[in-house]
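Sequences listed follow chains A and B, in order.
Residue numbering for the first sequence follows our numbering, starting at 1 and increasing by one per position.
Residue numbering for the second sequence follows our numbering, starting at 1001 and increasing by one per position.
A virtual CB, placed ideally from N, CA and C, is assigned to each residue, including glycine.
Values in this document were obtained by computation on a predicted structure and should not be read as measured data.
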Amino acid sequence: MNKESIQLHVNGVRHEIEIPPSKTLLEALREDLRLTGTKCGCDDSSCGCCTVLVDGVPMLSCVMLAASYPDASITTIEGVAQGEQLDPLQEGFCVEGGAQCGFCTPGIILTAKALLDRNPKPTREEIAQAISGNLCRCTGYTQIYASIEYAIKKLRTTPVAAASGGR
Amino acid sequence: MSMPSFALVRPRAVDEALEHLARHGAEAMLVAGGTDVVPNLRAGLFSPRVVVDLKGLGDLSGITFDRERGLEIGALATLTAVAESQLVRQHYPVLAQAAGTVASPVLRNMGTLGGNLCLETRCRWYNQSYFWRQSCGFCLKKDGTVCHVAPGGKRCWAVWSGDTAGALLALDAEIEIAGPAGRRRLSLTDFYKNDGVDRIHLGRGEILTRILVPATMAGYRGTYHKLRIRNSIDYPLAGVALVVKVEDGVCRDARLGLVAVNPAPVLVREVESLLVGQRFTPELTEAVVQAVVRTGKPLTTSMSTPEYRREMLRVFSRRALRELWRENGSH
């Protein structure tokens, strides 16, 4: 298969990789950049596990051709924490038990992050709407809502965390 | 499932994209948001040599409204952008509503309005992996000679499964198509062929560039109702879009579009003649319902039964009429 040199800008780092143009962003992230936090669930755009942020907007990396996005700034779950300092959303999932098997968690955290960047005080209904494309088969969603609401509260009470949330 | 091997080109202007199409002919395939094309490529439904990625055509994503010229939407505007546009919500609410119910929020961030009008038709015998299709016997639409939905016939019944086309048919929309001979305009009703295989009047060398909705349709009340298995993600299995203009309790105009039941989205033309000049009554509602189920012909193309989908057409038509009727305070 023909390979081409392709640029990807992921979590603030520029990469140049040799891949076939038919490779999806999900495959490039996992196989070429070894960023395996982004999960492959259905591989058919039905489950949301592979959600990444593209210029801050949640998109499904399983239906994106990596070669289509050389100019975009991509954020994966590996780029959410500030070094050892967890993002308030990650902290919320730890404290409130938002992750059980954990497979949907990276996609939900990124989707929620984009929501909070746009709307720092969403209602539970708005949260449910925003993550409605992210399937979780373990939690029944209650703890996920609680985890996101933990982050909302933390971002409201600690302005420092709020500032780092807008990356 | 694995991807076919192809080259990807990323033109920056419509003319450049047209040149790629002219050069590669039947071996080229267009991709915009990718939410329909990429899964289909992976299922082996297409094997292009060149994929022309339209995302770089930045001037095709605008949404503008003018009191005289109406609404213009670039074909690359995302479904999220259409659903959230204040202009669309204010003047053509049924379109914002239909765009806002496509698939899931994250898919609407990727999928485009132009792409939604050019979707591949869907069928349970078609939207499967190569292995599945080979095991069950290929179908008329791809690699085979028999339609498993209607084995006696010689036509394909794969279903038009886009949401926005129903709303845009109801709104009397036009589209602009760019091709080797320049740009042409076409009524959206003339874009669809009602053939599951050869679904739209878009030539190999052409690109849908803009969607235009007349100013005369601005301010019509409208609503869209749809059926699907999982309400947050799936393709529609039946959809009814209705727009009406009512003055002092009298219907001055009404148009109803159906999606996800036939191989094309369809305008139920009888609705206009049934309702215009009338005051709404339950009997009229039932006459509209009858016209709808005479036009919408669901078959066994999905995991839901045709009977259920047809019944939901009745339910949605009644609900839509009642909703717009009550809102208008005519009763």
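According to the neighbour-count rule (16 or more other Cβ atoms, all chains shown, within 10 Å of its Cβ), is residue i buried or exposed?
i          : result
A/Cys-136  : buried
B/Pro-1214 : exposed
B/Asp-1090 : Note that residue 1090 of chain B is Gln in the sequence shown here, rather than Asp. Its Cβ having fewer than 16 others within 10 Å, B/Gln-1090 is exposed.
B/Glu-1307 : exposed
B/Asn-1194 : exposed
A/Cys-94   : exposed
B/Asp-1059 : exposed
B/Ala-1264 : buried
B/Phe-1131 : exposed
A/Thr-123  : exposed
A/Val-10   : buried
B/Met-1029 : buried
A/Met-59   : buried
B/Gln-1128 : buried
A/Lys-153  : exposed
B/Pro-1298 : buried
B/Asp-1022 : Before going on, a small fix: residue 1022 of chain B reads as Ala here, not Asp. Exposed: under 16 other Cβ atoms inside 10 Å.
B/Pro-1011 : buried
B/Lys-1154 : exposed
Between which two residues does the alpha helix (DSSP H) carrying residue i extend?
i          : result
B/Arg-1023 : 1014 to 1024
A/Val-13   : A/Val-13 -> not in any alpha helix (DSSP H); beta strand (DSSP E) instead, spanning 13 to 19.
A/Asp-117  : 105 to 118
B/His-964  : Given that chain B is displayed from residue 1001 to residue 1331, the structure contains no residue 964 of chain B and the question cannot be resolved.
A/Ser-147  : 142 to 157
B/Arg-1210 : That residue, B/Arg-1210, is in no alpha helix (DSSP H); its beta strand (DSSP E) goes 1207 to 1213.
A/Pro-58   : Segment 57 to 60 is the beta strand (DSSP E) holding A/Pro-58; no alpha helix (DSSP H) there.
Between the C-alpha atoms of residue i and residue j, what's the straight-line distance to the nearest angstrom?
i          : j          : result
B/Glu-1120 : B/Gly-1144 : 18 Å
B/Met-1003 : B/Leu-1045 : 10 Å
A/Thr-139  : B/Asn-1231 : 19 Å
B/Lys-1245 : B/Arg-1269 : 16 Å
B/Phe-1191 : A/Gln-90   : 48 Å
B/His-1020 : B/Gly-1205 : 9 Å
B/Arg-1122 : A/Arg-156  : 46 Å
B/Asn-1109 : B/Glu-1272 : 34 Å
A/Arg-14   : B/Val-1292 : 55 Å
B/Thr-1301 : A/Lys-121  : 43 Å
B/Ile-1207 : B/Cys-1118 : 10 Å
B/Gly-1329 : B/Pro-1282 : Here B/Gly-1329 scores only 49 on pLDDT, less than 50, and its place in the model should not be relied on; the value that follows carries that caveat. Taking the straight line from one Cα to the other gives about 15 Å.
A/Glu-126  : A/Gly-48   : 17 Å
B/Lys-1075 : B/Thr-1112 : For the record, residue 1075 of chain B in the displayed sequence is Ala; it is not Lys. One C-alpha to the other measures close to 7 Å.
B/Ile-1175 : B/Pro-1039 : 26 Å
B/Gly-1166 : B/Ala-1099 : 11 Å
B/Ser-1104 : A/Gly-102  : 21 Å
A/Gly-41   : A/Ala-112  : 18 Å
B/Ala-1013 : B/Val-1197 : 29 Å
B/Arg-1210 : B/Asp-1163 : 17 Å
A/Arg-167  : A/Leu-25   : Residue placement at A/Arg-167 is poorly supported in this model, since its pLDDT is 42, which falls under 50; the coordinates still yield a value, given next. In a straight line, the C-alpha of A/Arg-167 is about 21 Å away from that of A/Leu-25.
B/Val-1082 : B/Val-1250 : 30 Å
B/His-1225 : B/Leu-1267 : 15 Å
Among the options, which one has its Cα closest to the Cα of residue i?
i          : options                                        : result
B/Leu-1227 : B/Gly-1025, B/Ser-1135, B/Val-1315, B/Asp-1036 : B/Val-1315
B/Met-1217 : B/Phe-1065, B/Asp-1015, B/Arg-1023, B/Val-1149 : B/Phe-1065
B/Ala-1254 : B/Ile-1211, B/Glu-1027, B/Leu-1274             : B/Leu-1274
B/Pro-1393 : B/Glu-1283, B/Leu-1202, B/Pro-1236, B/Leu-1212 : The question about residue 1393 of chain B has no answer here: the residues shown for chain B are numbered 1001 through 1331.
B/Gly-1062 : B/Thr-1223, B/Phe-1280, B/Gly-1152, B/Gln-1086 : B/Gln-1086
A/Thr-105  : A/Arg-124, A/Ser-147, A/Glu-125                : A/Ser-147
B/Glu-1323 : B/Leu-1242, B/Ala-1238, B/Leu-1030             : B/Leu-1242
B/Gly-1025 : B/Phe-1006, B/Arg-1319, B/Arg-1049             : B/Arg-1049
B/Gly-1296 : B/Ala-1260, B/Ala-1173, B/Leu-1113             : B/Ala-1260
B/Leu-1256 : B/Leu-1168, B/Glu-1174, B/Gly-1249, B/Gly-1182 : B/Leu-1168
A/Ser-132  : B/Ser-1135, B/Glu-1027, B/Ile-1233             : B/Ile-1233
B/Ala-1007 : B/Glu-1027, B/Tyr-1126, B/Gly-1111, B/Ala-1096 : B/Glu-1027
A/Arg-118  : A/Glu-16, A/Gly-56, A/Gly-102                  : A/Gly-56
B/Ala-1043 : B/Gly-1219, B/Arg-1309, B/Thr-1078, B/Trp-1125 : B/Trp-1125
B/Gly-1229 : B/Gln-1097, B/Arg-1309, B/Cys-1139             : Per the sequence presented here, residue 1229 of chain B reads as Ile, with Gly not at that position. Measuring from the Cα of B/Ile-1229, the nearest candidate turns out to be B/Arg-1309.
B/Glu-1286 : B/Leu-1313, B/Asn-1262, B/Leu-1267             : B/Leu-1313
B/Asp-1015 : B/Leu-1057, B/Trp-1160, B/Val-1037             : B/Leu-1057
B/Val-1052 : B/Ala-1017, B/Thr-1035, B/Leu-1041             : B/Ala-1017
A/Thr-142  : A/Gly-92, A/Ala-28, A/Leu-115                  : A/Gly-92
First and last residue of the beta strand (DSSP E) that includes residue i?
i          : result
B/Arg-1252 : 1250 to 1259
B/Leu-1154 : In the sequence on display, residue 1154 of chain B carries Lys and not Leu. No beta strand (DSSP E) contains B/Lys-1154, which DSSP labels as neither H nor E.
B/Lys-1226 : 1221 to 1227
B/Lys-1245 : 1238 to 1247
B/Ala-1028 : 1028 to 1031
A/Thr-75   : 73 to 75
A/Ser-5    : 4 to 10
Shorter than 8 Å from the beta carbon of residue i to some beta carbon of chain E?
i        : result
A/Pro-20 : The structure shown contains no chain E; the protein chains it does contain are A and B.
Item to complete: Evaluate contact between the stretch 3 to 22 of chain A and the stretch 57 to 70 of chain A, counting only Cβ atoms and requiring at least three cross-stretch pairs below 8 Å.
Response: With contact defined as three or more Cβ pairs closer than 8 Å, the stretch 3 to 22 of chain A and the stretch 57 to 70 of chain A are in contact.
Worksheet item: On the three-pair Cβ rule with 8 Å, is the stretch 1068 to 1079 of chain B touching the stretch 95 to 103 of chain A?
Response: no
Fill in: Stretch-stretch touch, CB-based, cutoff 8 Å, three pairs: the stretch 1180 to 1189 of chain B with the stretch 1146 to 1158 of chain B
no
Discussion item. Using 8 Å as the cut-off, can you tell me whether the stretch 30 to 37 of chain A makes contact with the stretch 73 to 88 of chain A, which would need three or more C-beta pairs spanning the two stretches below that distance?
Written reply: Touching, yes, given that three or more Cβ pairs across the two stretches are closer than 8 Å.
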